[in-house]
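*Asks:*
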Amino acid sequence: MLEGVRHVRRQRVRSSREEFREKLETFAVECPPKTETPVIQLISSILGQTAPAELSSKPVHEKVKLAHHPPISAISPAVTNSLLTGSGSYDHAGEVTAVDVRLLTLPMREALAADHGTTSTRSLTVIGLKIMSQTNGSTWAWGESAALATTGYSAESAEQSFAALSAMASRLIGRRPVDIISVPGSHAGQDGPKATDAELDPPLGSLSSAAVEMAALDAVGTLNGRSLAEMLGSANSRIPAGAAVGLGSPDGVAAACDRLIASGYRRLKLKIQPGHDVELVGEVIASQESDVDWHVDANGSYNDEAVGTSDAVGVMVKLAELGVTAIEQPFAPQDLSAGSQLVSSLAERQLNCQVVADEGAATAEAIIRLSEQEAATAVTVKPSRYGGLAAALSMVELCRRLGLAVSAGGMIESALGRRSLAALAGHPAFSLTGDLSPSSRWMAMDPWPDLATHQAGSGGTLMVEIPSEPGVAPPPDVDVLDQLTANRFFSD
Ligand SMILES: [Mg+2]
Numbered sequence: 172m173l174e175g176v177r178h179v180r181r182q183r184v185r186s187s188r189e190e191f192r193e194k195l196e197t198f199a200v201e202c203p204p205k206t207e208t209p210v211i212q213l214i215s216s217i218l219g220q221t222a223p224a225e226l227s228s229k230p231v232h233e234k235v236k237l238a239h240h241p242p243i244s245a246i247s248p249a250v251t252n253s254l255l256t257g258s259g260s261y262d263h264a265g266e267v268t269a270v271d272v273r274l275l276t277l278p279m280r281e282a283l284a285a286d287h288g289t290t291s292t293r294s295l296t297v298i299g300l301k302i303m304s305q306t307n308g309s310t311w312a313w314g315e316s317a318a319l320a321t322t323g324y325s326a327e328s329a330e331q332s333f334a335a336l337s338a339m340a341s342r343l344i345g346r347r348p349v350d351i352i353s354v355p356g357s358h359a360g361q362d363g364p365k366a367t368d369a370e371l372d373p374p375l376g377s378l379s380s381a382a383v384e385m386a387a388l389d390a391v392g393t394l395n396g397r398s399l400a401e402m403l404g405s406a407n408s409r410i411p412a413g414a415a416v417g418l419g420s421p422d423g424v425a426a427a428c429d430r431l432i433a434s435g436y437r438r439l440k441l442k443i444q445p446g447h448d449v450e451l452v453g454e455v456i457a458s459q460e461s462d463v464d465w466h467v468d469a470n471g472s473y474n475d476e477a478v479g480t481s482d483a484v485g486v487m488v489k490l491a492e493l494g495v496t497a498i499e500q501p502f503a504p505q506d507l508s509a510g511s512q513l514v515s516s517l518a519e520r521q522l523n524c525q526v527v528a529d530e531g532a533a534t535a536e537a538i539i540r541l542s543e544q545e546a547a548t549a550v551t552v553k554p555s556r557y558g559g560l561a562a563a564l565s566m567v568e569l570c571r572r573l574g575l576a577v578s579a580g581g582m583i584e585s586a587l588g589r590r591s592l593a594a595l596a597g598h599p600a601f602s603l604t605g606d607l608s609p610s611s612r613w614m615a616m617d618p619w620p621d622l623a624t625h626q627a628g629s630g631g632t633l634m635v636e637i638p639s640e641p642g643v644a645p646p647p648d649v650d651v652l653d654q655l656t657a658n659r660f661f662s663d
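Note that our numbering has the sequence shown beginning at 172, numbered continuously upward.
1) Can you tell me the Cα-Cα spacing of T197 and S542, whole angstroms?
2) Starting from T276 and walking both ways along the beta strand (DSSP E), at which residues does that stretch end?
3) Are the Cβ atoms of A594 and S405 separated by less than 8 Å?
4) Beta-carbon separation of A586 and A546 under 8 Å?
5) My output table needs one value for N115: the three-state DSSP class, helix, strand or coil.
6) For ligand 1, I want to know if D429 counts as a neighbour, meaning its beta carbon is within less than 7 Å of at least one of the ligand's heavy atoms.
7) If we require 3 or more residues per run, which beta strand (DSSP E) segments fall completely within the segment 512-552?
8) Counting only the same chain and skipping the five closest in sequence on each side, list residues whose C-beta sits under 8 Å from that of P230.
9) By the three-class DSSP mapping on this structure, what secondary structure does L633 have?
10) Would you call the CB atoms of L343 and V267 closer than 8 Å?
11) CB of N470 to nearest heavy atom of ligand 1: below 7 Å?
12) Quick check on the DSSP output: what are the complete alpha helix (DSSP H) runs of length 4 or more inside the segment 368-417, in order along the chain?
13) Kindly identify the DSSP beta-bridge partner or partners of V467.
14) Quick one: Cα of D529 to Cα of A326, how far?
15) Return the residue from the list R280, I351, D286 that minimises the CA-CA distance to N474.
16) If you run the structure through DSSP and keep just helix, strand and coil, what is E201?
17) Leaving aside the five residues before and after I538 along the sequence, list all residues of the same chain whose C-beta is less than 8 Å from its C-beta, in chain order.
18) Taking contact to mean 3 or more Cβ pairs, one atom from each stretch, closer than 8 Å, check whether the segment 409-416 and the segment 595-612 are in contact.
19) What separation, rounded to the nearest whole angstrom, lies between the Cα atoms of M487 and P620?
20) Hey, would you say L418 sits closer than 8 Å to Q459, going by beta carbons?
21) Please give the ranges of any beta strand (DSSP E) in the segment 545-622, keeping only runs that are unbroken, at least 3 residues long and fully inside the region.
22) Expressed to the nearest angstrom, what Euclidean distance is found between the alpha-carbon atoms of R438 and V478?
23) Hey, L622 and Q525: beta-carbon distance below 8 Å or not?
24) As a quick exercise: from D350, L655, R273, pick the residue whose alpha carbon is nearest that of A387.
25) Taking 7 Å as the cut-off, does the CB of E460 come closer than this to any heavy atom belonging to ligand 1?
26) Is it right to say E450 is buried, meaning 16 or more other beta carbons lie within 10 angstroms of its own, or is it exposed?
27) Apart from the five residues on each side of it in sequence, which residues of its chain come closer than 8 Å, Cβ to Cβ, to Q505?
28) Over what stretch of residues does the beta strand (DSSP E) that includes I302 continue unbroken?
29) Identify which residue in A509, G435, N470 has its Cα closest to the Cα of K442.
30) In terms of DSSP beta bridges, what is L319 paired with?
31) Kindly list the residues whose CB is nearer than 7 Å to the CB of D482, restricted to its own chain and excluding five residues on each side of it in sequence; keep chain order.
32) Starting from the C-beta of D271, find all residues in its chain whose C-beta is less than 6 Å away, skip the five residues before and the five after it, and write them out in chain order.
33) Cβ-heavy atom distance between T289 and ligand 1 below 7 Å?
34) For T289, count neighbouring C-beta atoms within 10 Å of its own C-beta (all shown protein chains included) and say buried if the count is 16 or more, exposed if not.
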């Protein structure tokens, strides 16, 4: 009997691997543009570029990994430059005359507790570029690094990001915004001065790279009167808001959910950890009306040390039975076997619940492994983690080709970062409602104008408006910016 079960399982694993190989072969050989948006077409053309000759003897799936998933820092600028130069006419004439790097401390309305720690004030680093243009005069453009106060959850800390961006600031002077996008490791800019890898030694981390890319996109959009959403091909004008709720007692979590539901949130993500799971979630769900879409996020806390795999899988199945529709990062990022067990357990019971990889989806290679082992059914895409928006879009395209659903993940950004995330999340590829809420959900003060929301009548779902102003965001309130600045580096 047991041998029979094993045989069936081996067959299933083999057939899913074969299916996966077929998917990758299609990915490598055909790479057809699947939609009309310029971004997807451009990404397809870049992902579909000819493989170098030295790869020709390797199996197809190896070729795909090596040829089409080079380090993300190399994908990002190539895609972005194609985006900016290939999908409309842009004024490339502006150039940077000053750089303003700031370490900010944003006061929060309430602390957010998760398995990896509690955040009660938000340290974050922003970079401002002063652009002089013959047609537009002088303007400032801004980008945000989502690095947290300490390393761990993010590879860089806010202070490290501040130091790295300050160290490279003078190299940005005299460049055009379109060339700056190519700075993190690329030679793909247009005429004029270009950065080289040697100039960026050590190279910027992905969170700092994302800040530079955001500032350059803000500049190009502002100079050309085009919103970020327009530049990214994001078709939706508004999307449902989603909110995360930190760890706490059942009464405390239920009270927080009450307030959010009264504000119109219809998708809530509860933080969980071992010992704060089935009972907590069951009580909270039972205390609310039934039209809420419940997600949970364990931040990888169910590992072998905390709780055995079979018990942990059992907990997650119970959560799905309670009505949870998405379980984010239940297990440690490297524990693909537990993820596979959960995916198959949910499928066997015909429970309609996504298994979402967040911390475990750090690279293209990790996403491919998750798909190969059927250890997740969806991915949370966080642009900062991949080095920026262009890299995030290439991850979205990779997920689409592997049949993984995608949601947009936040990192408690300021309104600047949230506007950037909203522009991305307006892309039709994002099928799973993500963590997008206005900055005022967490921040007591914010230099940038907040995301606008819309609620259709009382009791309607709260929707976030995709920003339509040129660039990433309107200018910050300089007085508030100065008030929240803890450290500053200025170069001109
Ligand atoms: Mg998460």
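All residues carry an ideal CB built from backbone N, CA and C; glycine is no exception.
Since we're looking at a predicted model, the values are computed, not measured.
*Replies:* So, to answer that:
1) Any reading at T197 needs caution, since the residue's pLDDT is 43, under 50, leaving its predicted position unreliable; the model's value is listed next. Near 15 Å, if we compare the C-alpha coordinates of S542 and T197.
2) 266-285
3) yes
4) no
5) No answer is possible for residue 115: the residues shown for the chain start at 172 and end at 663.
6) no
7) 525-528, 549-552
8) Here P230 scores only 33 on pLDDT, less than 50, and its place in the model is too uncertain to base an answer on.
9) strand
10) yes
11) yes
12) 377-395, 399-403
13) L441, I498
14) 14 Å
15) D286
16) At E201 the pLDDT is 33, less than 50, meaning the model places this residue with poor confidence; the figure from the coordinates comes in the next sentence. E201 falls in the coil class under three-state DSSP.
17) A528, A532, V550, M566, L569, C570, L573, L575
18) yes
19) 39 Å
20) no
21) 549-552, 576-579
22) 28 Å
23) no
24) D350
25) no
26) exposed
27) G531
28) 288-304
29) N470
30) S328
31) none
32) G299, F661
33) no
34) exposed
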